[in-house]
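Below: one structure, written as structure tokens.
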Amino acid sequence: MVLETPYDLKEVELQAYALIRRYIIWESKETGSESLIEIGSLNINILKRVVYWNQMQIDLVKREFDLLYLLAATPGRVYTYSQIYQSVWKEYPQDDVTNMIYCLVHRLKKKLRKIDVKA
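Letter 42 of the sequence shown, counting from 1, is numbered 42 in the UniProt record's numbering, and no numbers are missing.
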């Protein structure tokens with residue numbers, strides 16, 4: 001990673017996230033394993049960023065996928081709105097983020113219910 005001075009801290013953070021993501025992908029290819037999460041009817045392929053519900057693919061945008069992955073990877077854990085925002089948006093919240101998280105959850109549930117009403 002090469003940064004010219006003066007550098008922006010946001011740029012450093014984004015480059016670090018990119019390096020970590022590339023390392024995780026590289027490491028999984030080396031070991032021959034794909035990172036999968038399977039919970040009941042839900043299947044998440046983390047590396048391909050693909051989600052299936054009852055063997056039907058669900059098209060999710062980046063933030064919807066990140067939220068679903070966060071919750072599926074840590075079942076039973078309770079998060080604050082601020083923690084969800086930091087994990088999904090990769091930055092610290094500046095204002096009240098309650099409505100943003102609520103809308104994101106609503107869109108995700110709507111997509112799941114198109115496939116299965118019980119979702």
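Don't be surprised by glycine CBs; every beta carbon is placed ideally from N, CA and C. What you are looking at is a predicted structure, and each value in this text was computed from that prediction instead of being measured.
Residue i - containing beta strand (DSSP E), residue span
i   : result
E38 : L36 to I39
L42 : L42 to N45
Y7  : Premise fails: Y7 is in no beta strand (DSSP E) and is neither H nor E.
V78 : First-last for V78: undefined, no H or E at that position.
Q57 : M56 to I58
Span separating the alpha-carbon of residue i from that of residue j
i    : j    : result
L70  : L112 : 16 Å
K114 : Y7   : 45 Å
M56  : N99  : 29 Å
R22  : E64  : 21 Å
E11  : K118 : 42 Å
I20  : E13  : 11 Å
K90  : I46  : 17 Å
Residue i: first and last residue of the uninterrupted alpha helix (DSSP H) it sits in
i    : result
Q83  : Y81 to W89
I115 : T98 to I115
Y92  : Neither: Y92 is in no alpha helix (DSSP H) and is coded neither H nor E.
L68  : K62 to A73
Closest Cα partner of residue i within the set the options
i           : options                 : result
Q94         : Q83, S35, I20 and V12   : Q83
A72         : I39, S87, L47 and A18   : I39
residue 127 : R107, W89, V117 and Q86 : Residue 127 lies beyond the range of the chain shown here (1 to 119); nothing can be said about it.
N54         : I44, K62 and Y85        : I44
Residue i classed as buried or exposed, judged by whether at least 16 other C-beta atoms fall within 10 angstroms
i    : result
Y102 : exposed
L104 : buried
G32  : Its pLDDT being 49, under 50, G32 is placed unreliably by the model, and the measurement read from it follows with that caveat. When all chains shown are included, G32 counts as exposed.
L36  : exposed
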